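First residue of the sequence shown? That's 513 in this note's numbering, and the numbers climb one at a time after it. Heads up, the beta-carbon is just placed ideally off N, CA and C, and yes, glycines get one too. Small disclaimer: the values here were computed from a predicted structure and weren't measured.
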Amino acid sequence: MNSTIGIERTSAYFPDGVETAEQLAEKTGIPEQIIIEKFGLFKKHVAGKEMHASDLAIEAARPILTKIDPLAIDVIIYFGSPHKDYYVWSAAAKIQHELGAKNAYAFEMMNVSSCFPIALKVAKDMIIADESIENILLVGGCKESQIVDYDNPRSRFMFNFADGGTAALVTRKSRQSEILNSAIITDGSFYHDVLVPAGGSQNFPSEETVKNKQHYIDVTDPSDMKARLDDVSIKNFERVIKEAIVKSGLKMKDVQVLLPLHTKRSMFEELLKIVGLQEENAIYLDHHGHMSALDPCIGLHFAEKKGKLKRNNIVLAVSAGTGYTWAATAIKWKGW
């Protein structure tokens, strides 16, 4: 009997609202061509006031639960944006309830944009460690377009933040894929560089914090962060990519498909160089934008739908999140 732990199904959901590069240019004063060519963004999806991170995650998961009984889900892990419906609140509980997965326990893991490769590792490790677990549903939602202040030049690199939902079913007996190994690096010296200044215990909400627009995501010192980050970011991407591949018993030339987080165009091209792939062998979300930790999962969904995944392909999910953490997980695509 097949006992390969892997991703059996993926899905994605996007709200109807769309913001184009032209509209972003009007908002920001940045030329449309710069937004397209440098930010790597033709358009992005934006959720209306009635949809929140949990709702986006729920809608993304529904197609998967037409293929498996919700009662067969043992665990639900929310790995999406920390900007959720409410403060100090578990989206995972709502998701479990709304999906009717009554037999599943639900919890959240949050490591901003780096979380999907880490969530794959956690799900695989949980199944290995606990014989009672057969199916884990990874779900994520993102409504981070809402926390971008387009009048703040310090947050310029976050103007591509967008909204959406995604889900992946990880199972003990996957016919579709095998989760191989992961590599993760954290450099905590960046812990204070990117944050929402107000709302937590350091700067509790007040009339003043609202007036000063401190409830939007911000960069405390962009030039200082850039000077320190430029020196380590590509090196750490390269390190986690190589380590994940080597730990999986593979070589770089074995990688056929790259699933990165959505970044500026120049960073995407650097990642392609590291892996030695052409753009047609990767998913670049230039019509969707950056959705926190969701990007590589959405990329896997798109890669399958677009026929980019062939039997025995090695696929690499790669991401990084402020704080700063870099992560990569290798996947062997089996198909059926």
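Between the alpha carbons of His557 and Val752 lies a gap of roughly 30 Å. Judged by DSSP in its simplified three-state form, Asn748 adopts helix. According to the DSSP assignment, Asp675 belongs to the beta strand (DSSP E) that extends over Asp675 to Thr683.
Bridge pairing for Thr532: Lys555 [DSSP]. In this structure, the straight-line span from the alpha carbon of Ile517 to that of Met670 is close to 35 Å. Taken in chain order, the complete beta strand (DSSP E) segments of 3 or more residues contained in the region 737 to 794 are 767 to 772.
Measuring C-alpha to C-alpha distances from Asp581 to each of Leu692, Lys723, Glu690 and Asn647 identifies Asn647 as the nearest.
With contacts defined by Cβ atoms closer than 7 Å, Ala565 and Lys655 form a contacting pair.
If you check the CB distance, Glu620 and Ser602 come in under 7 Å. Look at the region 786 to 842 and you find these whole runs of alpha helix (DSSP H), each 4 residues long or longer: 807 to 817.
The region 761 to 780 makes contact with the region 795 to 808; the number of CB pairs closer than 8 Å reaches 3 or more.
For Phe628, the enclosing alpha helix (DSSP H) starts and ends at Cys627 to Ala641.
Residue pairing for Asp730: DSSP places it in a beta bridge opposite Leu707. Non-local C-beta neighbours of Pro527 in its own chain, meaning closer than 6 Å and more than five positions away in sequence, comprise His557, Ala559, Met563 and Asp675, ordered along the chain. Counting along the chain, no beta strand (DSSP E) covers Thr578, and no H or E run does either. Looking only at Asp733, Ala635 and Leu784, the smallest Cα-Cα distance to Ile746 is reached by Leu784. Between the region 816 to 831 and the region 650 to 669 there are fewer than three inter-stretch CB-CB distances shorter than 8 Å, so the stretches are not counted as touching. Of the residues assessed, Gly712 falls on the exposed side of the cut-off, its CB having fewer than 16 other CB atoms within 10 angstroms. Closest by C-alpha distance to Glu781, out of Asn724, Glu549 and Phe591, is Glu549. The C-alpha of Pro808 lies about 13 Å from the C-alpha of Val651.
Beta-bridge annotation (DSSP): Tyr617 is paired with Val587. Here the C-alpha atom of Ile547 lies approximately 23 Å from the C-alpha atom of Thr732. For Gly788 against Leu553, the beta-carbon gap comes to about 26 Å, at or over 8 Å, which does not count as contact.
Of the candidates Gly529, Lys633, Gly653 and Pro575, Gly653 places its Cα closest to the Cα of Asp567. For Val767, the closest alpha carbon among the candidates Pro709, Val827, Glu719 and Leu821 is that of Val827. Ala805 sits close to Phe591, with the two beta carbons spaced by under 7 Å. Looking at the DSSP output, Ala695 shares a beta bridge with Ala840. Counting only residues of its own chain and dropping the five nearest sequence neighbours on each side, Gly677 has a CB closer than 6 Å to the CB of Tyr525, Leu568, Ala569, Glu571, Ala572 and Gly653. Contact between the region 748 to 763 and the region 701 to 717 is not established, with fewer than three Cβ pairs separated by less than 8 Å. Burial of Phe673 is indicated by the presence of at least 16 other C-beta atoms within 10 angstroms of its C-beta. Per the DSSP secondary-structure output, Lys655 pairs in a beta bridge with Asp675. Just measuring C-alpha positions, the residue of Gln658, Ser625 and Ile588 sitting nearest Gly529 is Gln658.
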